[in-house]
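Only one structure is covered here, and it is reproduced in the block below.
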Amino acid sequence: MLESLRSQRLLALFCAGLALLNFPLLALWDRDSSMLGLPLFPIALFVLWAGLIAVLALILEGRED
Amino acid sequence: MLGAPWVVGVAFAYLLLLFAVASFGDRRARQGRSVIGTPWIYALSMAVYCSAWTYFGSVGRAASGGVWFLPIYLGPMLAMILAWMLLRKMIRIAREHRITSIADFIASRYGKSQALAGLVTLITVVGIVPYIALQLKGIAVAYALMTNAPGAPVTDATPWWADSTFYVALALAGFTIVFGARHLDSAERHEGMVAAIAFESMVKLLAFLAVGAFAVWGLFDGLGDLFARARAVPELARLLTLGQGTGFAYEQWFALTMLSGLSVLCLPRQFQVMVVENVDERHLKRAAWVFPLYLLLINLFVLPIALAGLLHFGAGANAEGFVLTLPLAAGREGLALLAFVGGLSAATGMVIVEAIAVSTMVCNDLVMPLLLRTRRFRAAAGRDHTAFLLGIRRAAIVCILLLGYLYFRLAGEAYALVGIGLISFAAVAQFAPAMLGGMYWKGGTREGALAGLLAGFAIWIYTLMLPSIAKSGWWSTGFVEHGPFGIALLKPEALLGMARLDYLTHSLFWSLLANIGLYVAVSLWRAPSAGETSQALLFVDVFHRNAAAGPAFWRGRARVADLLPLLGRFLGTARAEALFDEHARQRGVPHRDALQPDARLVRFVERQLAGAIGSASARVMVASVVEEEPLDLDDVMRILDEASQIRAYSHRLEQVTEELKRANEQLKSLDRLKDDFMSSVTHELRTPLTSIRALAELMRDDEQMPAAQRQEFLDIVVAETERLSRLVNQVLDMAKIESGHAEWHNTDVDLRKLLTQAVQTTTEMMRERGATVDLHMPETLPLLRADADRLIQVLLNLLSNAAKFVPRGSGHIDVRLESDSTGVTIAVQDNGPGVPAGQRELIFERFRQGGDALNRPQGTGLGLPISRQIVEHFGGSMWLRDDTAQGACFCFSLPWPASGAGTNSGDKT
Amino acid sequence: MTHRILIADDEPNIVVSLEYLMKRAGYEVLIARDGQEAIDTIRRERPQLVLLDVMMPGKTGFDVCQELRADEALNGTLVLMLTAKGRATDIEKGLGVGADAYMTKPFSTKDLLAKVAEMLAAR
C-alpha cells in the first residue's frame with residue numbers, strides 16, 4: 553500500500569490533517585482576535601481546510617514518481 | 003410566502019428536469035457515448051453526500067453550536083486524503099468480483115457468506131431509515147416555510163393520509179423507481195442517475211452560494227460588517243469560538259470527525275456512486291480533491307447565514323429554515339424559490355441514490371437468499387426471473403420510503419435534523435471494521451465479522467436507536483434516565499458509568515469497541531476457512547494479482563449446457579450468449595460451445611450472476627447447477643501452490659529451453675563431425691575402387707593390350723582390392739568399438755607370450771625391410787584379464803607402423819615391457835625419422851597418416867585410432883613419447899584390474 | 152592438333168589408369184602429384200585441360216581451380232574435377248570455384264573420355 557511516494561505523501565498529509573484539525577493544535581486558533589476584521593477561529597479553520605485541499609491536489613495531480 | 007401551486011409546480015418541474023437529464027445520460031450510455039466519463043462528473047456525483055442535512059441541518063447546528071456544524075465535513079476531507087489508496091482498492095476489488103453493494107462486498111470477502119450479506123442489509127435498512135426521515139422532514143419543513151405564513155407552526159398533527167409528506171414520500175418512491183429500477187443491469191450501473199446527481203450537485207451548490215452571498219452582501223455590508231455585528235452580541239460571539247464558552251469537548255469533535263470520515267465510505271449511497279458507478283479508477287485522482295473543495299465551498303456561507311438569521315430574527319427562531327426564511331423575509335421570493343429547489347434537490351438526490359442502493363441490497367442479499375431456500379423457486383426452469391427481480395426491487399424502494407415516513411412520524415421530533423443524521427452515521431459506521439479489516443487483514447474471518455457486526459449493531463440499537471424513539475414520546479424515558487430495571491450501570495447513554503461523553507460519542511465508543519474487539523478476537527479464534535482464505539487473498543492482494551487470470555478456487559464438475567441457461571435465466575438468453583461468446587473470445591476458444599467447463603468458466607458465470615443477484619445468491623445458484631467438491635484448506639493452498647508453481651515452471655521452462663538450445667548446437671556440431679567422418683570413409687573407399695574400375699575397364703576395352711601391361715594392371719587391381727577390404731574391415735572395426743557393439747572375449751592373458759607371438763608374426767615383414775627387433779620383458783608377469791586377439795592387433799599395428807618408417811636396411815625396433823603396481827607399460831621404439839612436433843596428436847586421428855604424402859606407405863590411417871580405442875577400452879592409454887632423441891616411441895599402458903573391472907569405455911569419441 | 156592434358160592426383164594407381172586412358176585416346180599427358188605441382192606445371196606447359204583431383208595434400212583441387220581462375224593467363228584452362236566425394240555441396244562448391252565439369256569417382260572410363268572430348272571440342 554505504501555510502495556509509491558504518492559501513497560506515503562498522502563498518508564503523511566492525512567496525519568497532518570488529523571493533527572491540525574483536532575485538539576490541541578486546533579485550540580491554538582481559539583483566540584479572541586481578528587484577522588482582516590474577521591474572527592480568527594472560523595477563518596483559520598477554513599484557511600487550514602483550503603490549505604489541506606491545495607496540498608492534496610498537488611500530491612494527486614503531480615507526476616507519479 | 004408563495005402560493006402552494008407555485009411551489010408544487012416548480013418542484014415538479016425541477017424533478018422532471020432531473021429526469022430529463024437522467025434519460026439523456028442513459029440514452030448516451032446505450033449509444034456508447036457516455037456523458038459521465040469525466041472525473042468532474044465523478045466528483046460531483048460524490049457530492050450526493052450533501053443532503054437536506056447540509057441545507058437545513060448545518061445552518062441550524064451553526065446557529066446553536068457555532069463551528070460545530072463543521073466536523074461532519076472535515077471527516078470526509080480527511081478520508082479523501084486516503085481515498086487514492088483506500089477507495090481505489092475498493093474499486094478494484096469491486097470491479098474484479100462484480101460487487102454491486104456494500105453487503106456484497108463484505109459478504110464476498112468473508113467466503114460469500116449469505117448470513118453476513120443479510121445482516122449487513124438489515125443494519126443498512128434500519129440505519130438508513132432515520133436518514134430518509136431526515137430528508138422527508140427537510141422537504142416538509144421547506145414546503146411549509148414556502149407556503150405558510152412565517153410564524154405558523156411548521157408541522158401539523160395531521161393524520162397520515164392527509165399529510166402531504168406522505169405523498170412526498172410516495173412521489174419520491176416513484177421517481178426513484180423511474181431512475182433506477184426500470185431494468186436490471188448486471189453491473190448495477192445507472193449512468194442516467196449519475197448524470198442527474200451531478201447536475202443536482204451543481205444546482206444545490208449554486209443555490210446555496212447565492213443565498214449565502216445574498217445574506218452577506220445583500221442583508222449586510224460584507225463579511226466584516228456581519229461578523230462585527232455578531233460579535234457585538236455575546237451569545238453570538240461565543241458561536242465564533244471553539245469552546246462555545248463552556249469548554250471544548252475535544253472527544254466529541256474528534257468523534258464526529260471520525261464518524262463522518264467512516265460514513266463517507268460506508269454509506270450505501272456513497273458506495274454506490276464512488277465504487278459501483280465508477281467508470282475509471284483514475285478519475286479518483288481528480289475527484290479526491292475536488293470533492294473536498296466542493297464541501298468547502300458549500301460550507302463557506304453556513305456560519306454567515308446562521309449569524310445573519312440570528313441577527314435578523316433573533317434567537318429562538320427556527321434556524322434550520324434560514325436559507326428560505328431570510329430571502330422570504332427580504333422579499334426575494336425568486337431567491338427563496340431557488341433555495342427551495344436547491345434544498346429539494348439535495349434531499350431528492352440523497353433519497354434516490356440511497357433507496358436504489360438499499361433496494362439492491364435488499365433484493366440481492368435479503369430476499370433472494372430466502373427465496374432460494376424454497377425448492378419451488380429453484381426448480382422453476384425456463385422462467386425469466388428478470389421481471390420478478392425488478393418487482394422485488396421496486397417493492398423494496400417503496401417500503402424503504404414508507405419506513406422513512408414512519409420514522410418521521412414516530413421520532414422526527416426527538417432530535418434536530420443533525421441528530422437524526424448522526425444516528426444513521428453511527429449505524430453504517432459499524433461496517434467499517436469488517437470492510438477495512440477485510441481489505442487489509444487476511445486474518446479476518448466470517449465469524450469475526452459476524453460477531454463484530456452483531457455486537458456493534460446491538461449496542462447501537464441500545465444506546466442510540468431506542469433512546470431516540472423513547473425521547474420521541476413512544477416510550478417512557480425511564481430506562482434512559484435510570485437504566486433498564488433500574489440498573490444504573492446499563493443506562494443506555496452512560497454504560498458502565500461512563501457519563502462524561504455525550505450520547506453520540508458514548509454510543510460510538512462502545513459500539514466500535516465491541517465491534518472491533520469481537521472482530522479481532524473471534525477472527526483469531528481459529529484459522530480462516532478455505533473459502534475465506536481464497537477470498538482474503540483475492541481482496542487484500544488485489545493490486546498484486548489479477549483475479550481474472552489468478553487461481554480459480556473451485557473444483558468440481560460442470561457442464562456448459564447447464565451454465566449457459568442458468569445465466570440466461572437471470573440476464574436473458576441473448577445477453578448470456580453474448581457474455582459467453584465474449585468469454586470464449588478472451589480465452590482464445592473459437593466458439594462458446596467449445597468452452598471447457600472448468601473452474602475459470604464457472605467463476606466467470608458466478609461473477610456475471612453476482613452482478614444481477616448478489617454474490618452470495620450467485621454462489622448458491624451455481625452450486626446447484628454444478629456438482630461441486632467442497633474445498634478444504636489444503637485444496638486452496640494446493641491451488642495457490644499450483645498457481646505459484648506454474649509461475650516457477652514457466653521460469654524453469656525458459657531455463658530448460660536455453661539448455662536445449664545449447665544441446666542442439668552441440669548435436670549439430672556432432673552431426674557435422676559424423677558427416678565428415680562419413681565423407682572421409684566414402685572417400686577412402688572410393689579411391690581404390692576408382693583405380694580398380696578404371697583399370698578393369700581399360701583392360702576390357704583394349705584387347706590388344708600387351709600382356710606385360712595387362713599383368714601390371716592386374717597386380718594393381720589385386721592390391722587395391724586388398725587395400726579396399728582392409729579398409730572396410732578397419733572401418734567396421736572402428737565403428738563397432740566406438741559404438742560399443744564390439745565383442746570382447748576376455749581371458750587371462752600372458753603378456754609375455756603375447757609379445758613374443760606378435761614379434762614372431764612380423765618376422766617376415768621385418769626381414770624384408772632389413773629391420774631388427776629387440777624384445778625386453780621381465781621374467782615374471784602376472785596375468786592380465788583382456789581380449790588377446792585385440793591386444794595382438796594393437797601390437798601388430800605398432801610393429802608394422804615402426805617397420806614402415808624405419809630406414810631400409812638399418813632399421814631397429816626396440817620393444818620394451820615394464821610393469822609396476824598400477825599396471826604394465828609397453829613401449830615400441832623405432833629409429834625412423836620420428837613424428838614431427840605438429841603431428842604428434844594428429845596421427846591418432848582417423849585417416850591421418852604419418853610421413854609426407856609422397857613417401858606415404860600403404861596404410862589406412864585407421865590403425866592408430868583403433869589401437870587407442872582398444873587400449874582405452876581396457877582402461878589404459880596410448881601415447882607418443884616425446885622425449886626421444888631419434889625416432890618414434892609409441893607407448894601404451896594397461897592397468898591391473900584394481901576394483902576388478904575392465905571398465906567399458908568404448909563410447910569415447 | 153594434339154591436346155595437352157594434365158592429370159593432377161595424389162593416388163598413384165589412379166594416375167596410372169588415367170595416364171594410360173588418355174594416352175590411348177591420343178592426348179599428350181602431363182602428371183602432377185599435388186596441388187602446387189599442378190599449378191606450376193600448368194603455368195609452364197599450358198595444357199588445354201586438367202583432370203583435377205579434389206583431395207590432394209597441401210593445396211586441394213578447389214584451391215588450384217581458384218588460383219587458375221584468378222590468373223588471367225591461365226583463366227582459359229578447362230578444368231574437369233574428379234573426386235570421391237559426391238555430396239551436393241561439393242559439386243556446387245566445385246562449380247562455384249569455376250570448374251567446367253565435375254565427375255565422381257569411381258567413374259566410367261567411357262564417360263570420362265566422352266566428357267573430355269566434348270569439352271575440348273566446345274573450345
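Residue numbers (the working numbering), protein chains in the order written: chain A, 553 to 617; chain B, 3 to 911; chain C, 152 to 274. Yeah, the Cβ is synthetic: ideal placement off N, Cα and C, and Gly gets one too.
Proximal chain B residues relative to residue i, where beta-carbon distance stays under 9 angstroms
i        : result
C/Ala235 : Ser681, Thr684, His685, Glu686, Leu687, Arg688, Thr689, Leu691 and Thr692
A/Gly569 : Leu76, Met79, Leu80 and Ile83
C/Met206 : His685 and Thr689
Opening and closing residue of the beta strand (DSSP E) in which residue i lies
i        : result
A/Ser610 : A small correction: the amino acid at residue 610 of chain A is Leu; Ser does not occupy that position in the sequence shown. Per DSSP, A/Leu610 belongs to no beta strand (DSSP E); it is in the alpha helix (DSSP H), Leu592 to Glu613.
B/Glu820 : Gly813 to Ser821
B/Gln831 : Gly825 to Asp832
Expected contact under 8 angstroms - CB spacing of residue i and residue j to nearest Å
i        : j        : result
C/Val267 : C/Leu181 : That belief does not hold up - the Cβ atoms of C/Val267 and C/Leu181 are roughly 14 angstroms apart, past 8 angstroms.
B/Ala119 : B/Asp367 : 4 angstroms
B/Leu403 : B/Leu174 : 6 angstroms
B/Phe303 : B/Leu326 : Not a contact, Cβ separation roughly 14 angstroms.
Residue i at chain C interface by Cβ criterion, 9 angstroms
i        : result
B/Leu700 : yes
B/Ala721 : yes
B/Ile845 : no
B/Gln711 : yes
B/Leu726 : no
B/Asp704 : yes
B/Phe894 : no
Residue i at chain B interface by Cβ criterion, 9 angstroms
i        : result
C/Tyr178 : no
C/Pro198 : no
C/Leu202 : no
A/Leu557 : no
A/Leu562 : yes
A/Leu640 : Residue coverage of chain A in this structure runs from 553 to 617, which leaves residue 640 of chain A outside it and unanswerable.
C/Leu172 : yes
C/Ile156 : no
C/Ile165 : yes
Status (buried if at least 16 other CB within 10 Å, exposed otherwise) for residue i
i        : result
B/Val292 : buried
B/Gly772 : exposed
B/Asp677 : exposed
B/Gln706 : exposed
B/Ile179 : buried
B/Trp42  : exposed
B/Ala171 : buried
B/Gly34  : exposed
B/Thr56  : buried
Proximity test, Cβ basis, 9 angstroms: residue i and chain A
i        : result
B/Gly574 : no
B/Ala549 : Below a pLDDT of 50, predicted positions are generally treated as unreliable, and B/Ala549, at 45, falls in that range; the measurement from the model is reported next regardless. It does not; no Cβ of chain A falls within 9 angstroms.
B/Thr243 : yes
B/Tyr252 : yes
B/Met204 : no
Any C-beta of chain D under 9 angstroms from that of residue i
i        : result
C/Leu231 : Annotation note: the requested chain D is absent from the structure, which comprises protein chains A, B and C.
Interface residues of chain B facing residue i [CB-CB closer than 7 angstroms]
i        : result
C/Lys266 : By Cβ distance, chain B contributes nothing, its closest Cβ being about 14 angstroms from C/Lys266, past 7 angstroms.
C/Arg144 : Outside the shown range of chain C (152 to 274) lies residue 144 of chain C, about which nothing can therefore be said.
Start-to-end residues for the alpha helix (DSSP H) that takes in residue i
i        : result
B/Trp881 : That residue, B/Trp881, is in no alpha helix (DSSP H); its beta strand (DSSP E) goes Ser879 to Arg883.
C/Asn164 : Pro163 to Arg175
Contacts that residue i makes with chain B (C-beta to C-beta distance below 8 angstroms)
i        : result
C/Lys256 : Arg688, Thr689, Leu691 and Thr692
C/Leu162 : Strictly speaking, residue 162 of chain C in this sequence is Glu, with Leu absent from that position. By Cβ distance, chain B contributes Thr689, Thr692 and Ser693.
A/Leu572 : Those within 8 angstroms of A/Leu572 in chain B number zero; the least Cβ separation is about 10 angstroms.
A/Ala596 : Neighbours of A/Ala596 on chain B: none; closest Cβ ~10 angstroms, over 8 angstroms.
Interface partners of residue i on chain C, CB under 9 angstroms
i        : result
B/Arg695 : Ser168, Lys256, Pro257, Phe258, Ser259 and Thr260
Beta-carbon neighbours of residue i, restricted to chain A and to distances below 7 angstroms
i        : result
B/Trp291 : Ile605, Leu608, Ala609 and Leu612
Under 9 angstroms from the C-beta of residue i: neighbouring residues of chain A
i        : result
B/Thr178 : Those do not exist, as B/Thr178 stays about 32 angstroms from chain A at its closest Cβ, beyond 9 angstroms.
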